[in-house]
Amino acid sequence: MVYVDFTIVIQIIQFLLIIFISKKLILDPTLKTMQARDSRIKSLTDEAEGLRAEVEAGRKSYEEKMNAMRAEMAEYQRKIREEASKEAAVKVAQSKAEVDAKVEAALLKLENEKEAAAKNMDAMVGELSDLIVQKILKSA
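Per my numbering, residue 21 is the first one in the sequence shown, and the count goes up by one each step.
Have a look at this one:
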């Protein structure tokens, strides 16, 4: 037959009491610390992800601004080149017009000098003809 002694009951109560005290003094604080640590790790991870997203957004914004600035600079350079080309074309046209005017004036001057020389030659030819005729008539 089984004989039940009160010592077994006392041992069971002691065992349960030790488990209860161990749970309150060791297990609960350990679990609480682990949960706090997990919570802190999760919050730091979330914060890091947020910062990473913020940095990525900043990088994209920077790249967009740089691309816009490069495009603006390229457009500005194109305009400057275009204006320089137009100015050069205007100066070339002005120079050509000046040269054409000088050439035209020189040609007109040469034509006038040619006509004056031709008139002078005609007058000289006339005088020489008269002198020749007079010499021929005097000798005849």
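Virtual Cβ for every residue (Gly too), placed ideally from N, Cα, C.
Rounded straight-line distance, which links the Cα of residue j to that of residue i
i	j	result
Ile30	Pro49	28 Å
Tyr82	Arg90	12 Å
Ser105	Met144	57 Å
Lys134	Asn140	10 Å
Val112	Asp120	12 Å
Ile28	Asp58	41 Å
Glu92	Glu103	16 Å
Gln97	Glu74	34 Å
Ala108	Lys99	14 Å
Asn5	Ala125	Past the edges of the chain, shown from 21 to 160, lies residue 5, and the structure says nothing about it.
Ala77	Glu69	12 Å
Sequence-distant residues of the same chain with beta carbon closer than 8 Å to residue i, five excluded per side
i	result
Ser115	none
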